[in-house]
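Enquirer: With the numbering used here applied, the sequence shown corresponds to residues 25 to 415, in that order.
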Amino acid sequence: TRVALLSGMEYKAAGAQGLPNGLSFVHLLRDAGYATSMVGKNHGLSNFRIGDRETDYGFDHYFGFSGGEINCFTGEGAYPEPEWQSDGRIFPYSELDPGFYTTEDFTDSALVFMKEAIDKGLPFFSYVAYNAPHTPLHAPERNIKKYYDPANGVNVYAEGWEKMREERLVRMKNMGLLPGDTELSDYGVEIPDWDLLPDTAYTQWELQKKFECLTRAAYAGMVDNIDENVGQMVAFLEDPNGDGNKEDSQMDNTLIIFVSDNGGCYAGLHSRREDVPWDRNTRAFTTNFGWGTLSNTPYRYYKHASHEGALRSPLVMHWPEGISHPDGTILHQMLRVWDLYPTFLELAGCTYPGTSFERPLKPLMGASFVPLFSDPDVETEEYFVPMFSRT
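(1) Could you give the residue range of the beta strand (DSSP E) that holds I281?
(2) Just to confirm the assignment, what range does the alpha helix (DSSP H) spanning M2 have?
(3) In terms of alpha-carbon separation, which member of A242, S31, L202 and M33 lies closest to D303?
(4) Look up E252 in the DSSP assignment and say whether it is helix, strand or coil.
(5) With DSSP as the reference, label D299 as helix, strand or coil.
(6) Just to confirm, is the Cβ distance from V136 to F83 under 9 Å?
(7) What three-state label does DSSP hand S209 in the structure shown?
(8) Counting pairs of beta carbons, one from the region 210-230 and one from the region 108-118, are three or more of them closer than 8 Å?
(9) Beta carbon of L371, beta carbon of L261: below 9 Å?
(10) On a Cα-Cα basis, can you pick out the residue from Q41, G39 and L47 that is closest to S31?
(11) Go through its chain and collect everything with a Cβ distance to D217's Cβ below 8 Å, but skip five positions before and after it.
(12) Quick one, are the C-beta atoms of Y290 and T311 less than 9 Å apart?
(13) DSSP state of Y117, grouped into three classes?
(14) Rounding to the nearest angstrom, what Cα-Cα distance links V283 and P377 in this structure?
(15) State the CB to CB distance for the pair F89 and S110, rounded to an integer number of angstroms; the pair is presumed to be in contact (CB under 8 Å).
(16) Which runs of the alpha helix (DSSP H) fall wholly inside the region 307-361 and span at least 4 residues, in chain order?
(17) With a Cβ-Cβ cutoff of 9 Å, do L335 and N277 count as a contact?
(18) Kindly provide the ranges of any alpha helix (DSSP H) runs that are 4 or more residues long and lie completely inside the region 151-201, ordered along the chain.
(19) Based on the DSSP output, what are the partners of Y86 in its beta bridges?
(20) According to DSSP, what are the bridge partners of I94?
(21) Could you tell me the boundaries of the alpha helix (DSSP H) in which E370 lies?
(22) Looking at the unbroken beta strand (DSSP E) that takes in S110, where does it start and where does it end?
(23) Determine the DSSP secondary structure at F72, reduced to helix, strand or coil.
(24) Using a threshold of 8 Å, is the CB atom of N249 nearer than that to any non-hydrogen atom of the ligand MG?
(25) Here's the rule I'm using: 16 or more other beta-carbon atoms within 10 Å means buried, otherwise exposed. How should I168 be labelled?
(26) Would you list the residues sitting across from F148 in a DSSP beta bridge?
(27) Quick check: what's the CA-CA separation for Y35 versus P174?
(28) Using only the alpha-carbon positions, how far apart do P264 and F149 sit?
(29) Which word fits S70, buried or exposed, when buried means at least 16 other C-beta atoms lie within 10 angstroms of its C-beta?
(30) Could you check what DSSP says for S392 in three-state terms: helix, strand or coil?
(31) Does the structure place the region 149-168 close enough to the region 122-131 that three or more beta carbon pairs sit under 8 Å?
(32) Would you check if the distance between the CB atom of P366 and the CB atom of L388 is smaller than 9 Å?
(33) Between the alpha carbons of V63 and A134, how many angstroms are there, rounded?
(34) Nearest-angstrom Cα distance between A102 and D401?
(35) Of the residues V27, E345 and T306, which one's Cα is nearest the Cα of G68?
(36) Using CA atoms only, rank isn't needed, just tell me which of L193, F368, R240 and K270 is closest to G346.
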């Protein structure tokens with residue numbers, strides 16, 4: 025998804041990692057005068073290094089790690105070890121602060137980079153690539169105990185994935201997210217009947233209700249923490265200099281896009297029953313298939329699959345000066361991740377392929393969806409270029 029986002033074309037068309045057949049749109053934004061930054065997880069940009077135009081993909085600043093997954097409290101990974109980078113300086117995870125937590129520290133860095141751009145009077149592009157809620161599941165205890173704290177009578181997920189999926193479908197219909205005749209897809213063969221699970225079990229491979237509720241609470245706690253941190257960025261944009269006077273607010277003229285790179289995650293059953301997800305020494309805390317299907321209501325399956333539960337993600341946009349629809353408007357047109365590239369170019373007044381790169385580039389696969397900002401009836405079948413129609 026990262027390659028498709030940055031190249032404006034499908035992963036294979038871009039030439040996979042390194043985008044040899046494409047060009048990161050961030051280069052074009054920077055050439056147009058934008059300050060550019062990225063924080064968080066980099067899993068798909070080979071040889072990403074800040075400080076060299078050939079390897080920075082157009083970003084002025086970067087703080088984060090290259091790799092698939094890490095311990096959210098220590099920054100330590102599995103195999104291979106993640107490569108941590110701060111504006112071109114490569115350092116081991118052991119140099120991270122003792123109070124480190126990925127989502128919060130990524131937000132802090134993003135705010136530093138945004139403030140630098142605002143102080144210089146520059147437009148900015150900020151790519152905030154949180155690793156949460158990727159496995160291993162870690163979150164501050166306060167976030168998790170909002171969802172699972174038996175000592176205080178809290179167990180949000182006690183009903184299990186089957187009943188909660190039915191309730192979620194009704195809620196989504198009432199919100200207008202889904203047509204009224206939408207039905208739930210079948211479960212995959214690996215998802216057991218919640219009512220048949222024991223309350224407790226003692227071997228690592230046995231599912232049990234109490235522990236499953238804790239794993240789902242850990243997933244929810246990670247998302248809850250993301251929500252807090254997105255709120256911090258919104259508060260910053262509303263008052264960049266922090267003086268309580270919002271005359272310098274950047275909210276109205278900033279386009280904010282929030283989207284996941286795939287459907288909700290499952291990661292197997294191999295959590296030790298004695299682990300807790302707010303302990304920095306917990307390594308392999310995971311959730312399972314049933315909760316993954318709940319995340320993707322009403323679709324079938326979840327991340328790692330080729331079904332719509334893995335491939336479809338909701339997208340949320342906010343831009344008071346540029347989007348004319350009332351807040352809370354739901355549009356049902358289908359977009360593709362590579363439609364973001366030409367959309368950004370149109371908004372920034374850039375052209376593809378750009379003037380400073382002479383190597384041959386493949387054509388973009390998507391089309392700008394700027395018309396959707398003002399016209400809710402734009403038909404994607406007519407307006408958007410089908411992905412397989414380009415030669």
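Heads up, the beta-carbon is just placed ideally off N, CA and C, and yes, glycines get one too. As the structure is a prediction and not an experimental result, all values here were calculated from the model.
Expert: With the structure as the only source:
(1) I280 to V283
(2) One cannot answer for residue 2 here, as it falls past the ends of the chain, which runs 25 to 415.
(3) A242
(4) helix
(5) For D299, the secondary structure class from DSSP, reduced to helix, strand or coil, is coil.
(6) no
(7) coil
(8) Verdict: no, contact absent.
(9) no
(10) L47
(11) E186
(12) Yes, Cβ-Cβ distance for Y290 and T311 is below 9 Å.
(13) helix
(14) 26 Å
(15) The pair is not a contact, with the Cβ atoms about 10 Å apart (cut-off 8 Å).
(16) 313-319 and 332-335
(17) no
(18) Restricting attention to alpha helix (DSSP H) runs no shorter than 4 residues, the region 151-201 encloses them at 165-168 and 184-199, ordered along the chain.
(19) DSSP output for Y86 lists M62 as bridge partner(s).
(20) G101
(21) L364 to A372
(22) E107 to S110
(23) DSSP places F72 in coil when its eight states are reduced to three.
(24) The ligand content of the structure shown is nil, which means the ligand MG is not present either.
(25) buried
(26) A59
(27) 45 Å
(28) 16 Å
(29) exposed
(30) coil
(31) yes
(32) yes
(33) 6 Å
(34) 47 Å
(35) Between G68 and the set V27, E345 and T306, the nearest pair of CA atoms involves V27.
(36) F368
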